[in-house]
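Heads up: the structure comes next, in structure tokens.
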Amino acid sequence: MKKLYFIILFCIASLGYSQDTPTNGDIEGFKLYPNPVTSGKIFINTALNAPKKVLIFDVLGNKVMEATIIGTELNLSDIDAGIYVIRVYEKDKMVTRKLIVK
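Numbering (full-length UniProt numbering), first residue to last: 1 to 102.
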């Protein structure tokens with residue numbers, strides 16, 4: 001009887017772990033440069049080159065900047081030096097990277 005419970009528990013657990021969770025995945029051809037930022041500007045290139053929504057967070061998770069860019073250039077001159085997390089959305093895809101501003 002214990003073996004039957006173990007088999008049922010194992011089946012339920014493996015079904016739970018095997019289900020695909022919807023993720024947005026990386027943006028094809030994503031390039032972020034220069035990193036570390038020294039000039040106050042970054043460039044974000046992608047294969048689609050569609051409009052992008054950009055969010056920048058500090059290490060505590062506070063949103064520091066939100067912008068939508070149509071081209072490839074983003075001005076970061078208003079951001080203090082430090083380590084940040086940048087999240088870029090393009091169509092139904094998303095990518096998150098570490099950003100260093102000097």
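Beta carbons: idealized from backbone N, C-alpha and C, even for Gly.
Can you pull the DSSP bridge partners for residue i?
i, result
"Gly82", "Val101"
Going by beta carbon distance, what residues of the same chain come within less than 8 angstroms of residue i, once the five residues before and after it are set aside?
i, result
"Lys102", "Pro36, Val37, Thr38, Ala81"
Quick one: what's got a C-beta closer than 7 angstroms to residue i's C-beta in the same chain, skipping five residues either side?
i, result
"Ala67", "Val54, Leu74"
"Gly72", "Here residue 72 is Thr; the residue named in the question, Gly, does not match the sequence. Here the set comprises Phe43, Ile44, Asn45."
"Arg97", "Leu32, Ile86"
"Val95", "Asp26, Ile27, Phe30, Val88"
Please report the straight-line C-alpha distance between residue i and residue j, rounded to a whole angstrom.
i, j, result
"Pro51", "Val64", "20 angstroms"
"Gly29", "Ile100", "21 angstroms"
"Ile70", "Glu90", "10 angstroms"
"Asp26", "Asn49", "14 angstroms"
For the region 66-80 against the region 37-44, are there 3 or more C-beta pairs whose distance is under 8 angstroms? yes
List in chain order: all unbroken beta strand (DSSP E) runs of 3+ residues lying wholly within the UniProt domain "Secretion system C-terminal sorting" (32-101). 41-45, 52-58, 63-69, 73-75, 82-90, 93-101
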